[in-house]
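Letter by letter, the sequence shown follows residues 5 to 332 in the working numbering.
Heads up: the structure comes next, in structure tokens.
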Amino acid sequence: MDLREYTRQYAVQDNKLAALSYFGTFAVYFASLALAVTYVDRWYVMIPAGVVFAFSAVRLYVLQHDCGHHSLFETRQQNEWAGHGLSPFTFAPFEVMKQNHNLHHAGIGNLEHRETGEIHTMTVREWNEADWTTRLFYRLYRNPFILVPVGALFTYFIRYRWPKNTVRFGVRGVVLHNLSIVVFLGLLYLIAGSTGILVWLVFSLLGGMLGVFLVYLQHNFEDTYWDRRPDLDPKLAALEGSSALDFGWWFDNAVACITLHDIHHFNARIPSYRLRACHYNLPPEYTPRRIKFPEAVAALNLKLWDEDNKRLVPFPRKASGQQLAHGG
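Below, the structure is given as structure tokens:
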């Protein structure tokens with residue numbers, strides 16, 4: 005069976021399903037935030053409500069990502085409006101992020117265009133040739149206790165106020181986006197005071213941490229795919245360079261199936277509400293290796309791409325670093 009032809013049958017938008025996903029997620033987002041703020045003095049209500057809020061925030065981000073591919077709603081204009089409408093709540097300016105993400109898709113698996121990726125990966129050779137300051141910075145950068153919490157705080161709350169390529173893809177949109185955040189937080193303060201802002205901030209950070217963890221796992225696992233032109237194979241880059249996470253039905257739907265990233269990279273026109281059906285009905289010859297949660301956590305220890313052995317590896321030990329560089 006031709007895989008491209010197979011995935012086309014799922015690349016069909018449905019406004020009823022899209023609206024249910026879009027407005028339903030907003031309903032959960034605001035209801036869980038209201039519950040967490042109202043019962044802030046009762047941890048057994050506030051914490052579960054906050055966790056639901058964090059997941060709903062991630063889901064809104066994924067839906068905005070779908071809008072960027074014009075895959076959520078039926079028309080281009082509907083996706084554009086919906087994407088901009090999500091902007092104040094995802095903290096991601098729609099137009100610039102859409103264009104940056106399209107560059108990411110174009111550069112997937114390409115070692116010569118790693119600047120289009122969300123998380124930077126060095127090769128073993130580059131590591132062995134790097135000076136101590138570069139190594140130190142990269143060690144800190146790839147440390148999960150820095151990458152996930154600090155990465156979330158920096159990316160969503162600071163970096164996205166002026167993302168890369170802002171001048172190239174739209175200064176006006178980013179400025180208006182930042183103003184919309186001020187309006188949203190101002191309204192939240194008027195309604196719920198400083199308590200509302202604090203609860204929103206804490207659980208938004210939790211959502212951001214979940215987002216960074218998922219973004220890391222999308223392309224950072226042992227048998228991922230990287231190569232250089234002319235050997236780079238776009239099909240392999242999409243299917244083998246992107247992960248399929250097996251965290252269960254509930255988790256998949258809680259994050260709008262961004263966990264099934266291999267099929268998404270192969271055909272970005274498949275809406276999130278059809279990704280699971282597409283993935284789990286794959287013909288046997290295309291069934292991917294699915295990563296379960298323990299392996300996903302272990303993948304945080306993988307730091308460098310070994311070009312000789314075609315796999316992601318941990319930092320080399322001092323005694324074996326040179327040996328690893330030569331594929332030993």
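Where a beta carbon is used, it is the ideal one built from N, C-alpha and C, also for glycine.
Every value quoted in this text rests on a predicted model; they were computed, and no experiment measured them.
Go through its chain and collect everything with a Cβ distance to Leu-192's Cβ below 7 Å, but skip five positions before and after it. Mapped onto the sequence shown, residue 192 falls at position 188. Cβ neighbours of Leu-192 beyond the five flanking positions: Gly-200, Ile-201 and Trp-204.
Going by DSSP in three states, Gln-17 sits in which element: helix, strand or coil? The residue given as residue 17 occupies position 13 in the sequence shown. Gln-17 falls in the coil class under three-state DSSP.
Is Ile-123 helix, strand or coil by DSSP? For the purposes of this step, residue 123 is identified with residue 119 of the sequence shown, where counting begins at 1. If DSSP states are grouped into helix, strand and coil, Ile-123 belongs with coil.
Let me check understanding here. Comparing Cα to Cα, which of Pro-92, Phe-95, Thr-94 and Glu-99 lies closest to Glu-84? Position 80 of the sequence shown, counting from 1, holds the residue named residue 84. The candidate whose alpha carbon is nearest that of Glu-84 is Glu-99.
Output the distance between the C-alpha atoms of Glu-3 and Gly-215, rounded to the nearest integer angstrom. In the structure as shown, the chain starts at 5 and stops at 332, and residue 3 therefore has no counterpart that could be examined.
By the three-class DSSP mapping on this structure, what secondary structure does Trp-309 have? As a working note, residue 309 is residue 305 in the sequence shown. In the structure shown, Trp-309 sits in a strand (DSSP, three-state: E or B).
Distance, Ile-262 Cα to Ala-1 Cα: Lying outside 5 to 332, the shown extent of the chain, residue 1 is not represented and no answer is given.
Rounded C-beta distance between Trp-253 and Leu-115? I'm assuming under 8 Å. As a position in the sequence shown, residue 253 is number 249, starting the count at 1. As a position in the sequence shown, residue 115 is number 111, starting the count at 1. About 35 Å separates the two Cβ atoms, so there is no contact after all.
Could you pull out every residue in the same chain whose Cβ sits closer than 7 Å to the Cβ of His-88, ignoring the five residues on either side in sequence? As a first step, residue 88 is located in the sequence shown; it is residue number 84 there, counting from the start. So the qualifying residues of the chain are Phe-98.
Take the Cβ of Pro-287 as the centre, count every other Cβ of all protein chains shown within 10 Å, and call the residue buried at 16 or more, exposed below. Along the sequence shown, one-based indexing puts residue 287 at 283. By the 10 Å Cβ count, Pro-287 comes out exposed.
In the DSSP assignment, find the beta strand (DSSP E) that holds Val-317 and state where it starts and stops. Taking the first residue of the sequence shown as 1, we reach residue 317 at position 313. Note, Val-317: beta strand (DSSP E), 315 to 317.
Simplified DSSP assignment, three categories, for Asp-231: Locating residue 231 in the sequence shown gives position 227, where the first residue counts as 1. DSSP places Asp-231 in strand when its eight states are reduced to three.
Looking at the unbroken alpha helix (DSSP H) that takes in Gly-211, where does it start and where does it end? Residue mapping note: residue 211 aligns to position 207 of the sequence shown, counting from 1. Here the alpha helix (DSSP H) through Gly-211 covers 175 to 223.
Buried or exposed for Val-219, please, with buried defined as at least 16 other CB atoms from any protein chain shown within 10 angstroms of its CB. Within the sequence shown, the letter at position 215 stands for residue 219. So Val-219 ends up on the buried side.
Assuming Gly-245 and Ile-112 make a contact with CB atoms under 8 Å, what is their CB distance in whole Å? Along the sequence shown, one-based indexing puts residue 245 at 241. Along the sequence shown, one-based indexing puts residue 112 at 108. Rounded, the Cβ-Cβ distance is 6 Å, consistent with contact.
Alpha carbon of Leu-180 to alpha carbon of Val-152, nearest angstrom: As a first step, residue 180 is located in the sequence shown; it is residue number 176 there, counting from the start. As a first step, residue 152 is located in the sequence shown; it is residue number 148 there, counting from the start. Going from the Cα of Leu-180 to the Cα of Val-152 covers about 28 Å.
Counted within 10 angstroms of its Cβ, other Cβ atoms place Gln-81 as buried (16 or more) or exposed: The residue given as residue 81 occupies position 77 in the sequence shown. The residue is exposed, with fewer than 16 neighbouring Cβ atoms inside 10 Å.
Contacts around Asp-266, its chain only, beta-carbon distance under 6 Å, and the 5 residues preceding and following it disregarded: On the sequence shown, residue 266 is found 262 positions in, with the first residue counted as 1. Correct list, in chain order: Leu-243, Ser-246, Ala-248 and Pro-292.
To test your reading of the DSSP string, which unbroken alpha helix (DSSP H) runs of 4 or more residues are found completely within the region 253 to 313? 253 to 258, 265 to 270, 276 to 284 and 297 to 302
Buried/exposed call for Trp-47, threshold 16 Cβ in 10 Å: As a first step, residue 47 must be located in the sequence shown, where it is residue number 43. Per the 10 Å Cβ criterion, exposed.
Is the region 66 to 78 touching the region 136 to 148 in the sense that three or more CB pairs, one from each, lie closer than 8 Å? no
Please classify Ala-96: does DSSP put it in a helix, a strand, or coil? In the sequence shown, residue 96 corresponds to position 92, counting from 1. Coil at Ala-96, not helix or strand.
Below 8 Å on the Cβ atoms is my contact criterion, and I expect Val-206 with Gly-72 to pass it. Report the Cβ-Cβ distance as a whole number of Å. Reading the sequence shown from its first residue, position 202 is the one you call residue 206. Reading the sequence shown from its first residue, position 68 is the one you call residue 72. Not quite, the Cβ-Cβ distance comes to about 28 Å (not below 8 Å), so this is no contact.
So, do the region 19 to 37 and the region 55 to 62 have three or more beta carbon pairs nearer to each other than 8 Å? yes
Buried or exposed: Lys-168, going by 16 or more other Cβ atoms within 10 Å of its Cβ? As a working mapping, residue 168 is identified with position 164 in the sequence shown. It is exposed - the Cβ of Lys-168 has fewer than 16 other Cβ atoms within 10 Å.
Collapsed DSSP secondary structure at Leu-249 in the structure displayed: On the sequence shown, position 245 is the one that residue 249 refers to. Note: Leu-249 maps to strand in three-state DSSP.
With a 10 Å radius around its C-beta and 16 neighbouring C-beta atoms as the bar for buried, classify Lys-102 as buried or exposed. Within the sequence shown, the letter at position 98 stands for residue 102. Buried, since its Cβ has 16 or more Cβ neighbours within 10 Å.
Close beta carbons around Gly-331, own chain, < 8 Å, minus the five adjacent residues each side: By one-based count along the sequence shown, residue 331 stands at place 327. Summary for Gly-331: the model assigns pLDDT 44, below 50, so the residue's position carries little reliability, and this model does not support an answer.
Considering only their Cβ atoms, is the gap separating Leu-64 from Thr-120 smaller than 8 Å? Counted from its first residue, the sequence shown places residue 120 at position 116. Counted from its first residue, the sequence shown places residue 64 at position 60. It is not a contact, given that the beta carbons lie outside the stated cut-off.
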